[in-house]
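Trainee: Residue numbers (my numbering): -2 to 259. Below is the structure I would like to discuss, written out as structure tokens.
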């Protein structure tokens, strides 16, 4: 005959599975990615020894400023992110815990996701070149733009690519640099008609930009709130919705004209 458990013994017995469940929860993989500020690249210069922007069929100009596209670095699509990882990074300003589906498309293996990101980057580059040439009134059948940026995927560099092409070909339209010689960074997708779209991880990208010397950051207007949340000291936000507007703001910035910030 089994003796009745004392209250203390019962609590102890019940605590064992509870502790085991908590331990399993801490170690179990969760559908999140942990992101941090990534690399930046000056689209007016070289990346890994290769010019980011190459133009054939039209003369280009020598530039003195910088236009830095920005990135985030996230745990891989097949990485195990546990509850401990989520809790440990949740309150850090230099980290972001993001749903994995917001960083990588749902489904597919690692190779398929990498292929998807590569295709997005190529589509972004094509749209960026078209938007820049359209803004300048140049025909893509006479002017060929080639954009190359190694080891970066996704569409978020579109705006900076377009601005880089414009600066290479026309500058500010009066012989000077579109950047005014400044270190300008930013992010945003672009369509062939010059519409700027929102991206993810803006608060981390502003940190990457300031780390690499930028003093001005072009941000899709709809993401001003996120960009302001963890804005590094010394970095000014310029909200943009179109390529034309971004060019106008940069020219106004160079002249010292008052322009809106986020």
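Virtual Cβ for every residue (Gly too), placed ideally from N, Cα, C.
(1) Look up residue 30 in the DSSP assignment and give the residues it is bridged to.
(2) Could you check which residue in 209, 76, 121 has the C-alpha nearest to that of residue 107?
(3) Under 7 Å, do residue 36 and residue 68 count as touching if we go by C-beta distance?
(4) Sorted by chain position, which residues of the same chain lie with C-beta nearer than 7 Å to residue 199's C-beta, five sequence neighbours on each side aside?
(5) Starting from residue 158, follow the alpha helix (DSSP H) in both directions and report where the run begins and ends.
(6) Using the three-state DSSP reduction, which class does residue 142 fall into: helix, strand or coil?
(7) Check the DSSP bridge columns for residue 217 and list the partner residues they point to.
(8) At what residues does the alpha helix (DSSP H) containing residue 85 begin and finish?
(9) For residue 65, which residues does DSSP report across the bridge?
(10) Whole angstroms are fine: how far does the CA of residue 140 sit from the CA of residue 116?
(11) Which class does residue 149 belong to by DSSP, given the choice of helix, strand or coil?
(12) For residue 126 versus residue 142, is the C-beta spacing smaller than 7 Å?
(13) Taking its Cβ as the centre, do 16 or more other Cβ atoms sit within 10 Å of residue 56, making it buried, or is it exposed?
(14) My output table needs one value for residue 211: the three-state DSSP class, helix, strand or coil.
(15) Between which two residues does the alpha helix (DSSP H) carrying residue 107 extend?
(16) Between residue 240 and residue 177, how many whole angstroms is the CB-CB distance? I'm expecting something under 8 Å.
(17) Identify which residue in 152, 87, 158 has its Cα closest to the Cα of residue 113.
(18) Excluding five sequence neighbours on each side, which residues of the same chain lie with their C-beta closer than 8 Å to the C-beta of residue 244?
(19) Helix, strand or coil: how does DSSP classify residue 193 here?
(20) Per DSSP, which residues does residue 223 bridge with? Please list them.
Mentor: According to the structure data:
(1) Against the chain shown, residue 30 aligns to sequence position 33. In DSSP, residue 30 forms a bridge with 95.
(2) As a working mapping, residue 107 is identified with position 110 in the chain shown. Ranking the options by Cα distance to residue 107, first place goes to 76.
(3) Along the chain shown, one-based indexing puts residue 36 at 39. Along the chain shown, one-based indexing puts residue 68 at 71. Against a cut-off of 7 Å, the Cβ pair of residue 68 and residue 36 comes out as a contact.
(4) For this step, residue 199 is matched to residue 202 along the chain shown. Correct list, in chain order: 184, 216, 220, 223, 224.
(5) Here the question's residue 158 lines up with position 161 in the chain shown. Segment 155 to 166, the alpha helix (DSSP H) holding residue 158.
(6) Mapped onto the chain shown, residue 142 falls at position 145. It is a strand residue.
(7) To locate residue 217, count along the chain shown from 1; it is residue 220. DSSP lists 237 as partners of residue 217.
(8) The count along the chain shown starts at 1 and reaches residue 85 at position 88. Its alpha helix (DSSP H) spans residues 80 to 87.
(9) Taking the first residue of the chain shown as position 1, residue 65 is located at position 68. Its beta-bridge partners are 39, 182.
(10) Counting from one through the chain shown, the residue named residue 116 turns up at place 119. Counting from one through the chain shown, the residue named residue 140 turns up at place 143. Approximately 23 Å between the Cα atoms of the pair.
(11) Numbered from its first residue, the chain shown carries residue 149 at position 152. Coil, per DSSP.
(12) Sequence index remark: in the chain shown, residue 126 carries index 129 (1-based). Sequence index remark: in the chain shown, residue 142 carries index 145 (1-based). Yes, the pair counts as a contact, with Cβ atoms nearer than the cut-off.
(13) Working through the chain shown from its first residue, we reach residue 56 at position 59. Exposed.
(14) As a first step, residue 211 must be located in the chain shown, where it is residue number 214. In the structure shown, residue 211 sits in coil (DSSP, three-state: anything other than H, G, I, E or B).
(15) Taking the chain shown and counting its residues from 1, one reaches residue 107 at position 110. 107 to 133 is the span of the alpha helix (DSSP H), which, as asked, contains residue 107.
(16) Counting from 1 along the chain shown, the entry for residue 240 is found at position 243. Counting from 1 along the chain shown, the entry for residue 177 is found at position 180. That belief does not hold up - the Cβ atoms of residue 240 and residue 177 are roughly 18 Å apart, past 8 Å.
(17) Counting from 1 along the chain shown, the entry for residue 113 is found at position 116. Checked all of 152, 87, 158; the closest Cα to residue 113 is 152.
(18) Your numbering for residue 244 matches position 247 in the chain shown. So the qualifying residues of the chain are 132, 160, 163, 175.
(19) Residue 193 sits at position 196 when you count from the first residue of the chain shown. Strand, per DSSP.
(20) By 1-based counting over the chain shown, the position of residue 223 is 226. Residue pairing by DSSP places residue 223 opposite no residue, since no beta bridge is assigned to it.
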